[in-house]
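Everything below concerns the one structure shown next.
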Amino acid sequence: MMACQGKGPIIVISGQPGSGKSTYARRLADDLGLRYFTTGQAFRELAKRLGMNLMELNEAAERDPSIDLEIDRAALREAEKGCVVIDSHLAGWTLREVADVAIYVKASLPVRAQRLALRDSRPYAEALREASGRELSHWRRFYEYYGVDLRDLSGYDLVLDTTRLSVEEAYDIILTFVKKSLGLR
Numbered sequence: 042m043m044a045c046q047g048k049g050p051i052i053v054i055s056g057q058p059g060s061g062k063s064t065y066a067r068r069l070a071d072d073l074g075l076r077y078f079t080t081g082q083a084f085r086e087l088a089k090r091l092g093m094n095l096m097e098l099n100e101a102a103e104r105d106p107s108i109d110l111e112i113d114r115a116a117l118r119e120a121e122k123g124c125v126v127i128d129s130h131l132a133g134w135t136l137r138e139v140a141d142v143a144i145y146v147k148a149s150l151p152v153r154a155q156r157l158a159l160r161d162s163r164p165y166a167e168a169l170r171e172a173s174g175r176e177l178s179h180w181r182r183f184y185e186y187y188g189v190d191l192r193d194l195s196g197y198d199l200v201l202d203t204t205r206l207s208v209e210e211a212y213d214i215i216l217t218f219v220k221k222s223l224g225l226r
């Protein structure tokens, strides 16, 4: 564990819905003694406040760019404080200028849907529909609002496919990479 002083490191973890980004980001923050911020939770809380599910809020965000912009501003405010791991679909692009380490995690759609179904205790078919729908919504919005092609991962320091890895195997790779990148032991 590191003692975070001053601005401290800014680590961003992005990825597809169900790729494991929140699991890895939360654990990394705990293990390194950093704060944790997730735009996904901010988005879920906004959906709840508005009486919508995630798909409905994604659809609303396709019509109203201010929804994504507010979430992105919150992530930037957290990044400016430093000593943080930020879990966000878009942080690798929107926070790249300030991030010390940017990681992208991905997995096949069937594996991601299975993870979401288990996490949320719901049928696989429902999780599959939502994962593919959210991904398409993200792709359209982020391209339209930011000019970002989510398939271009060239701005990331590490791109990790977790399809065939256990949570522990993937996390060990991420932790080792982050420690090396930040000069930690």
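Residue numbers for the sequence shown, in the numbering used here: 42 to 226.
Heads up, the beta-carbon is just placed ideally off N, CA and C, and yes, glycines get one too.
Keep in mind it's a predicted model, so treat the numbers as computed, not measured.
Between the region 77-87 and the region 215-225, do at least 3 Cβ pairs fall closer than 8 Å? No: fewer than three Cβ pairs fall under 8 Å.
Is it buried or exposed, Gly-61, if we count other Cβ atoms within 10 angstroms and call 16 or more buried? buried
Determine the closest residue to Gln-300 out of Glu-103, Cys-45, Ile-127, Asp-71, with distance taken between C-alpha atoms. Any question about residue 300 goes unanswered here, given that the chain covers just 42 to 226.
Which residue from Glu-209, Ala-132, Asn-99 puts its Cα closest to that of Ile-51? Ala-132
For Tyr-165, which residues from the same chain have a beta carbon less than 7 Å from its beta carbon, with the 5 sequence-adjacent residues on both sides left out? Ala-154, Gln-155, Ala-158
What three-state label does DSSP hand Ser-129 in the structure shown? Coil.
Contacting residues, own chain, Cβ-Cβ under 7 Å from Gly-56 (five flanking each side not counted): Excluding sequence neighbours, Gly-56 sits near Lys-62, Tyr-145, Val-146, Lys-147.
My assumption, with CB atoms under 8 Å, is that Ala-116 sits in contact with Thr-135. Please give the rounded CB distance. 7 Å
Of the residues His-130, Glu-138, Leu-201, Arg-205, which one's Cα is nearest the Cα of Ala-172? Answer by Cα proximity: His-130.
Take the Cβ of Gly-59 as the centre, count every other Cβ of all protein chains shown within 10 Å, and call the residue buried at 16 or more, exposed below. buried
Hey, how far is the Cα of Asp-109 from the Cα of Arg-90? Computed Cα separation, rounded: 15 Å.
On the DSSP letters alone, give me the boundaries of the alpha helix (DSSP H) that Leu-201 sits inside. Counting along the chain, Leu-201 falls outside any alpha helix (DSSP H), though it belongs to the beta strand (DSSP E) covering 199-202.
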